[in-house]
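**Q**
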Amino acid sequence: MQTVTPAVARARELFGSGATRPLAWRLEQLGSLRRMLGERRTEFIDALGSDLGKHRTEAQLAEIGFVTAEAAHLERHLEGWLRPRPVPVPLAVQPAKAWTELTPLGVVLVIGPWNYPLQLVLAPLAGALAAGNTAVLKPSEHAPATSAALARWIPEYLAGAAEVVEGGIPETTALLAERFDHIFFTGGEAAAKVVLHAAAENLTPVTLELGGKSPAYVDASTDLAKAAKRIAWGRFMNAGQTCVAPDYVLATPEVLDGLEHELVKAITALFGTDSARSESYGRIVDDRHFQRLAALADGSTVVHGGQRDAATRYFAPTLLRPAPGDAVMAEEIFGPLLPLLPVTGRGEAIRMINARAKPLALYVFSNDAGTRREFAERTSSGALCFDIPAAHLTVPGLPFGGVGGSGMGAYHGEDSVRTFSHERASLAKPLRPDTLELIYPPYGKAKDRISRALTARAWMRRRKR
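What follows is the structure, encoded as structure tokens:
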């Protein structure tokens, strides 16, 4: 097992030196991160292809290009986000100045998943560095080629700013026993509970980016062909191994029949008549997940797809019509299976969604303003998107995160900087004139009148706002 303590100690030492606080250092690290992704692009693409069968274009768009754009956005706006923010001072404390400023937390632990093993390690890292922290990275052992590439190149391009610890459960357990100033975890619910339990020992703040069953609702007012293509794209990218992929579809029986037909056409348009031959279609990450998905499909009713090859971990895009109680509706699928469920209308759809844990994302395909409003007002989810799945991740100004069982905390853009910072309150009051003499003890009638006057003035100011 790799010894983790030296890596944490090095990160702690660099942060303690004060070198990470200047804006210039932060911008330098973000630039180095972008440079690494540009200069070592081929190595990272090959690693992603080895781990997940990702096409080089998908690897560029969803992994390398995503992180590059995130780092560039942080660079452009960081100076403005870090400016102290003045805060009004009440009359009782004047003359004085008050402000808040974002200060670094210290050493951040980033535990990444296997489904987007580059993006979901380096995007949080970009936020941590922008906030002036150092970081220890734990890539997923289930994506060994990408983990190895990160371990090779991070020390060269981000020497000292980020440490990489490879390995599996023993190394992760050892890291969680160390003291960190923030832990950022992306993964499943069971592992998240382990992380939270470990973090509680040191009262370490935690960001959890989890998943859940993200539903899509489709009604008759939408263009079924276009909706189907977008749903198929969102569901089957990365062979369905995406936390924000539509996990199941709700529609009335009539709409569902038409949508099923259009989904079959969309799958063919995206991946050909035989997706096993498509270079654009990925593979399941390992044998364990492949067998889990096979059991879910075999335990339900397949209406399209279902072909698979254990030797290559190929699993075709598959449409299901599950019966009540089918296992596929009891857990997040995280694979290329898409259940289609009939409902009587939006009311039943909303009740079904609200009966489950709060999803990471909710997708509504409808041109009806009342339907959109109902979903906006009567549901709770990490994100709510109309007519498109997954793409909200690409908008740098939108926070990305879950709610309830789908996660806690958010990041991307300014939200990343805030997640990895403490907004410190500051107040400066000169010793002369010492207006506090008006409220120091001993108290009497005069000071009582002053206190009531100050209270009344503060109340009037609030009413005017």
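Just add 12 to wherever you are in the sequence shown, counting from 1, and you've got the working numbering. Heads up, the beta-carbon is just placed ideally off N, CA and C, and yes, glycines get one too.
1) Can you give me the C-alpha to C-alpha distance between arginine 333 and valine 99, rounded to a whole angstrom?
2) Given glycine 311, which residues of its chain have a CB within under 8 angstroms of its CB, disregarding the five upstream and five downstream residues?
3) Going by C-alpha distance, which of His273, Thr285, Ala143, Leu137 is nearest lysine 238?
4) For tryptophan 111, which residues does DSSP report across the bridge?
5) Determine the closest residue to leucine 64 out of Thr112, Asn145, Ala155, with distance taken between C-alpha atoms.
6) Kindly provide the ranges of any alpha helix (DSSP H) runs that are 4 or more residues long and lie completely inside the segment 31-88, ordered along the chain.
7) Which of the three DSSP states is assigned to lysine 225 in this structure?
8) DSSP on valine 261, reduced to helix/strand/coil?
9) For aspartate 299, which of helix, strand or coil comes out of DSSP?
10) Output needed for lysine 225: all residues of its chain with C-beta closer than 7 angstroms, excluding positions within five of it in sequence on either side, in chain order.
11) Beta-carbon within less than 8 angstroms of methionine 420's beta-carbon, same chain only, minus the 5 sequence neighbours each way: which residues are those?
12) Which residues in the same chain as arginine 33 place their Cβ atom closer than 6 angstroms to its Cβ, once the five residues preceding and following it in sequence are excluded?
13) Let's see if you can read the secondary structure: which residues bound the beta strand (DSSP E) around glutamate 344?
14) What is the DSSP secondary structure of leucine 450, counted as helix, strand or coil?
15) Would you call arginine 38 buried or exposed, if buried means 16 or more other Cβ atoms sit within 10 Å of its Cβ?
16) Would you tell me roughly how many angstroms separate the C-alpha atoms of leucine 114 and threonine 234, rounded to the nearest one?
17) So is arginine 295 buried or exposed if we call it buried at 16+ other beta carbons inside 10 Å?
18) For alanine 71 and valine 207, I'd like the C-alpha separation in whole angstroms.
19) Taking the alpha helix (DSSP H) that alanine 335 belongs to, which residues open and close that run?
20) For a test of the three-state rule: what should DSSP assign to proline 354, helix, strand or coil?
21) What separation, rounded to the nearest whole angstrom, lies between the Cα atoms of phenylalanine 432 and proline 151?
22) Relative to the C-alpha of alanine 228, which candidate in Ala23, Arg68, Ser393 has its C-alpha closest?
23) Counting pairs of Cβ atoms below 8 angstroms between the segment 359-368 and the segment 274-282, do you hit three or more?
24) Measure the CB-CB distance between glutamine 253 and phenylalanine 346 and report whether it falls below 9 angstroms.
25) From the DSSP secondary-structure annotation, give me the bridge partner or partners of proline 116.
26) Per DSSP, which residues does alanine 174 bridge with? Please list them.
27) Closest to threonine 15 by C-alpha separation, out of Gly179, Val120, Ala147, would be which residue?
28) Go through its chain and collect everything with a Cβ distance to tryptophan 126's Cβ below 6 angstroms, but skip five positions before and after it.
29) Proline 354: which of Ala74, Val230, Ala202 sits nearest, CA to CA?
30) Going by DSSP in three states, tyrosine 169 sits in which element: helix, strand or coil?
31) Please report the straight-line C-alpha distance between alanine 402 and valine 105, rounded to a whole angstrom.
32) Entirely within the segment 352-434 and at least 4 residues each: give me those alpha helix (DSSP H) ranges in chain order.
33) Starting from valine 314, trace the beta strand (DSSP E) both ways and give me its first and last residue.
34) Comparing alpha-carbon positions, which option in Tyr452, Ala437, Thr406, Glu426 lies nearest alanine 81?
35) If contact is defined by three or more beta carbon pairs under 8 angstroms, each pair taking one atom from either stretch, is the segment 193-206 in contact with the segment 167-178?
36) Using the Cα positions of isoleucine 195 and serine 290, report the straight-line distance between them to the nearest angstrom.
**A** So, from the data block:
1) Here the question's residue 333 lines up with position 321 in the sequence shown. Here the question's residue 99 lines up with position 87 in the sequence shown. Approximately 57 angstroms between the Cα atoms of the pair.
2) By one-based count along the sequence shown, residue 311 stands at place 299. Answer for glycine 311: Asp338, Ala339, Val340, listed in chain order.
3) As a first step, residue 238 is located in the sequence shown; it is residue number 226 there, counting from the start. When each option's Cα is compared against that of lysine 238, the closest is His273.
4) Your numbering for residue 111 matches position 99 in the sequence shown. Tryptophan 111 pairs with Pro98, Ser438.
5) The sequence position of residue 64 within the sequence shown is 52, counting from 1. It is Ala155 whose Cα lies nearest to the Cα of leucine 64.
6) 35-51, 53-64, 68-71
7) If you number the sequence shown from 1, residue 225 lands on position 213. Lysine 225 falls in the coil class under three-state DSSP.
8) Taking the sequence shown and counting its residues from 1, one reaches residue 261 at position 249. The answer is strand: DSSP assigns valine 261 an E or B state.
9) Translated into positions along the sequence shown, residue 299 becomes position 287. The three-state secondary structure of aspartate 299, taken from DSSP, is helix.
10) Your numbering for residue 225 matches position 213 in the sequence shown. The answer, listed in chain order, is Asp259, Tyr260, Glu344, Arg368, Pro371.
11) Position 408 of the sequence shown, counted from the first residue, corresponds to residue 420. Excluding sequence neighbours, methionine 420 sits near Val218, Thr219, Leu220, Gly413, Gly414.
12) Numbered from 1 along the sequence shown, position 21 holds the residue referred to as residue 33. The residues are Gly144.
13) Start at 1 with the first residue of the sequence shown, and residue 344 comes out as number 332. Premise fails: glutamate 344 is in no beta strand (DSSP E) and is neither H nor E.
14) To locate residue 450, count along the sequence shown from 1; it is residue 438. Judged by DSSP in its simplified three-state form, leucine 450 adopts helix.
15) To locate residue 38, count along the sequence shown from 1; it is residue 26. By the neighbour-count rule (16 or more Cβ atoms within 10 Å), arginine 38 is buried.
16) On the sequence shown, residue 114 is found 102 positions in, with the first residue counted as 1. On the sequence shown, residue 234 is found 222 positions in, with the first residue counted as 1. Rounded to whole angstroms, the separation of the alpha carbons of threonine 234 and leucine 114 is 44 angstroms.
17) For this step, residue 295 is matched to residue 283 along the sequence shown. Flag for arginine 295 reads buried.
18) Counting from 1 along the sequence shown, the entry for residue 71 is found at position 59. Counting from 1 along the sequence shown, the entry for residue 207 is found at position 195. C-alpha separation (whole angstroms): 29 angstroms.
19) By 1-based counting over the sequence shown, the position of residue 335 is 323. The continuous stretches of alpha helix (DSSP H) do not include alanine 335, and DSSP gives it neither H nor E.
20) As a working note, residue 354 is residue 342 in the sequence shown. Three-state DSSP puts proline 354 in a strand.
21) Position 420 of the sequence shown holds residue 432. Position 139 of the sequence shown holds residue 151. Between phenylalanine 432 and proline 151, the C-alpha separation is close to 19 angstroms.
22) Position 216 of the sequence shown, counted from the start, is the residue given in the question as residue 228. If we check each option's Cα against that of alanine 228, Ser393 comes out closest.
23) Remark: fewer than three beta-carbon pairs, one from each stretch, lie closer than 8 angstroms, so the segment 359-368 and the segment 274-282 are not flagged as touching.
24) Residue 253 sits at position 241 when you count from the first residue of the sequence shown. Residue 346 sits at position 334 when you count from the first residue of the sequence shown. A contact, by the Cβ cut-off of 9 angstroms.
25) Here residue 116 is taken as the residue at index 104 of the sequence shown, counted from 1. In DSSP, proline 116 forms a bridge with Ser433.
26) Taking the first residue of the sequence shown as position 1, residue 174 is located at position 162. Answer is Ala147, bridged to alanine 174.
27) Counting from 1 along the sequence shown, the entry for residue 15 is found at position 3. Among Gly179, Val120, Ala147, the Cα nearest to that of threonine 15 is on Gly179.
28) The count along the sequence shown starts at 1 and reaches residue 126 at position 114. The answer, listed in chain order, is Ser152, His154, Ala155, Val297.
29) Reading the sequence shown from its first residue, position 342 is the one you call residue 354. Residue Val230 is the option with its Cα nearest to proline 354.
30) Within the sequence shown, residue 169 is the residue found at index 157, counting from 1. Tyrosine 169: helix per DSSP, three-state reduction.
31) Taking the first residue of the sequence shown as position 1, residue 402 is located at position 390. Taking the first residue of the sequence shown as position 1, residue 105 is located at position 93. Roughly 49 angstroms between the two C-alpha positions.
32) 358-366, 381-390, 426-431
33) Here residue 314 refers to the residue found at position 302 of the sequence shown. Element bounds for valine 314: 314-316.
34) Here residue 81 refers to the residue found at position 69 of the sequence shown. When only C-alpha atoms are compared, the closest one is Thr406.
35) no
36) Here residue 195 refers to the residue found at position 183 when the sequence shown is read from its first residue. Here residue 290 refers to the residue found at position 278 when the sequence shown is read from its first residue. Spanning the two alpha carbons is a distance of roughly 38 angstroms.
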